[in-house]
Amino acid sequence: MTSSPPPPASSVDTEGSTGALPEQKSLRRSSRRSERPSTYDESKFPTTSSASGSITPVSQSAKRKARRSSEATPELRPNALEEALAPLEPQDIQDWEGWIELESEPDFFNVILRELGVYDVVAKEIFTLTSSSHLASFPKPIHGLIFLFQFQPNMTEHENDADTSDVWFANQTTSNACATVALLNIVMNIPDICLGEELRDFKESTKDLGTALRGHELSKNQFIRTIHNSFTRRMDHLNADLALDNEISDAATKKRRINGKGKGRSKKAAEDSNFGFHFIAYVPVGDAVWELDGLKSKPSKIGPMPSDPNDWISIAQPRIEAVMAQYEDAQLMFNLLALCKSPLALSRQKYFRTVASLNYLKEQMMRQNDPAVNENSMLMKAARELSKAPEFGPEELDITSAEAPESFKAKVDDPEFTEHDAQALCLQLIDEANAVLRDYSVEKAEVEGGEDRVSMRKKDYGPALHKWVQKLAAKGVLEDIITTCS
């Protein structure tokens, strides 16, 4: 469930150390001597003063607890620090069965989408829902929203008995997976979407499962988990494992307290606890708009689709604002992402339609045996050059699949369409194609910039920082700093 808050409020990874650990046989939680006396010796155990002023030895129960704690402390390997700071290998990420916390950063989600094999969908950040011009600038269609907020167990529930058979939905069955769960709960509901082979196989293999079992299969899927964890560093693994160990320890303590009829935490203390951040999804499916929260048993129907399908966000907006209102002024860390049609995909489609229109114009003029249409004419040269499209890779260049719009065909087929009209239309198509290529180059540069930022995020600077601090310690710089500050 938990996830890091949105930048810049996201959690900071603490990596490295201030120096090498001193050589020792074992790491202890207290300053007690490593050996355990065979018999009770007052000189080796502290004493406490009673209310009357008399000196009383520490109870045998306390000594037994301390002894068990000492015995349970594992031996620290000589190279433990180096192992903790070592960069992760790809196999380490694949073998690790945990899930890291993920920031609400569009670049991260875009990399996950591409590595999952979903190339025509992109994540973009929404800064306001109240400005129609802001939402109008997003590529259409907008397939879904990913909303990040701080989870509270006492939040208002929205349950209904709507038919959810047409909605693809998976529950979140493991900690920190909510980002990918919310992402897939949108992607799997996009009509006619092109999925990668692994994701397509996963959807097919889980189509007959219940939502909880589907979520369980998602959490076990090594391909999906490895992509989610591709941003991880060694310290992230250690922190996640430590958090899980603390949860188990807290659960055991709570169970003992209940069995011992001890006093639990007060309601006020429970309400003041810091809960983790959580991702949920909003998506239009069929004739309704849905809220998909992996921690709830099933999808929640928000309302019917509006007459304009592109205006479905207006149905989800009141629900999002209602969630934010429950925090009043105490919680300002929210984040909202939109999953929409990739601008690169839209540019490709527009360019291919433009070239298809140009080719249709050329064919019609040749069919009319127009003498102005020859190998050296502007129309023929433009058709040849624009069909090459060096800006697109070989896997992207699929001009043959595009067709000229019917309105364009009707214009060219008009009996009153002249040679002069053809020349003017040819120039217009050339300008449109060049404008699309410029937009495509800008979007391509933005994608590459995002990939560079993600690449820097994946780098583990802990070992370098540790070596640097070691050098400072060896030269006495740290000792001078401590002396000056003390």
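Residue numbers (our numbering): 49 to 534.
Where a beta carbon is used, it is the ideal one built from N, C-alpha and C, also for glycine.
Assigned secondary structure, residue i (DSSP; H/G/I helix, E/B strand, else coil)
| i | result |
| --- | --- |
| A225 | coil |
| Y330 | strand |
| F197 | strand |
| G192 | strand |
| L136 | coil |
| I350 | strand |
| L385 | strand |
| K255 | coil |
| V215 | coil |
| F323 | coil |
| V166 | coil |
| K507 | coil |
| K172 | strand |
| D249 | helix |
| A318 | Annotation note: pLDDT 45 at A318 (below 50); position unreliable, coordinate value reported separately. Note: A318 maps to helix in three-state DSSP. |
| N358 | helix |
| G244 | coil |
| T532 | helix |
| A472 | helix |
| N482 | helix |
| E464 | coil |
| E451 | coil |
| L183 | helix |
| L343 | coil |
| A493 | helix |
| A299 | helix |
| D209 | coil |
| R76 | Legend: pLDDT at R76 = 33, less than 50; position of this residue unreliable, no value from coordinates given. |
Boundaries of the alpha helix (DSSP H) in which residue i is found, first to last residue
| i | result |
| --- | --- |
| W516 | 510-522 |
| N237 | Counting along the chain, N237 falls outside any alpha helix (DSSP H), and DSSP gives it neither H nor E. |
| S362 | 361-373 |
| A393 | 391-415 |
| K436 | 426-436 |
| E145 | Neither: E145 is in no alpha helix (DSSP H) and is coded neither H nor E. |
| A454 | Reading off the sequence, residue 454 comes out as Glu, not Ala. 454-460 is the extent of the alpha helix (DSSP H) around E454. |
Of the residues the options, the one placed nearest residue i, counting alpha carbons only
| i | options | result |
| --- | --- | --- |
| T259 | T274, V229, E245, H285 | V229 |
| A225 | E411, Q374, L150, D284 | L150 |
| V490 | L473, S395, A472 | S395 |
| L385 | L183, F217, G165 | L183 |
| L434 | T532, Q518, G263, E480 | E480 |
| N358 | K344, V337, S345, E173 | V337 |
| N208 | E339, L526, S181 | E339 |
| I484 | G498, K523, F440, T176 | In the sequence under discussion, the amino acid at residue 484 is Val, which differs from the Ile named in the question. When each option's Cα is compared against that of V484, the closest is F440. |
| L343 | W216, T221, A210 | T221 |
| L257 | N219, L290, S362 | N219 |
| D211 | V333, E137, F197 | V333 |
| V215 | L243, L196, K255 | K255 |
| E130 | L513, L520, G524, S534 | L513 |
| Q416 | F382, A430, F465 | F465 |
| F400 | S152, M428, E451 | E451 |
| L387 | T178, P187, N127 | P187 |
| M413 | R273, S253, C474, S362 | C474 |
| A393 | D356, A522, V170 | V170 |
| A227 | S213, G244, L196, P201 | L196 |
| I174 | T301, F382, E496 | F382 |
| D293 | S223, I361, R262, K172 | S223 |
Boundaries (first-last residue) of the beta strand (DSSP E) holding residue i
| i | result |
| --- | --- |
| N158 | Here N158 belongs to no beta strand (DSSP E); instead the alpha helix (DSSP H) covers 154-163. |
| L177 | First-last for L177: undefined, no H or E at that position. |
| V337 | 336-340 |
Checklist entry - If we count Cβ pairs, one from each stretch, closer than 8 Å, do we get three or more for the region 324-336 versus the region 227-242? => result By the Cβ test, the region 324-336 is in contact with the region 227-242, since at least three Cβ pairs between them sit closer than 8 Å.
Checklist entry - Would you call the region 179-198 and the region 234-250 in contact, with 3 or more CB pairs under 8 Å? => result Yes: the two stretches touch, three or more of their Cβ pairs being nearer than 8 Å.
Checklist entry - Counting Cβ pairs closer than 8 Å, one from the region 149-169 and one from the region 339-354, do we hit at least three? => result no
Checklist entry - Counting only runs that start and end within the region 258-295, where is the alpha helix (DSSP H) found for 4 or more residues in a row? => result The region 258-295 contains these whole alpha helix (DSSP H) runs: 259-268, 270-276.
Checklist entry - Is the number of C-beta pairs between the region 400-420 and the region 468-486 that are closer than 8 Å three or more? => result yes
Checklist entry - Between the region 265-284 and the region 496-506, do three or more beta carbon pairs fall short of 8 Å? => result yes
Checklist entry - Okay, do the region 366-374 and the region 244-255 touch, 3+ Cβ pairs below 8 Å being the bar? => result No, because fewer than three Cβ pairs between the region 366-374 and the region 244-255 fall closer than 8 Å, the two stretches do not touch.
Checklist entry - Is it true that the region 140-148 meets the region 280-299, where meeting means three or more beta-carbon pairs spaced less than 8 Å apart? => result yes
Checklist entry - Counting pairs of Cβ atoms below 8 Å between the region 238-245 and the region 166-178, do you hit three or more? => result yes
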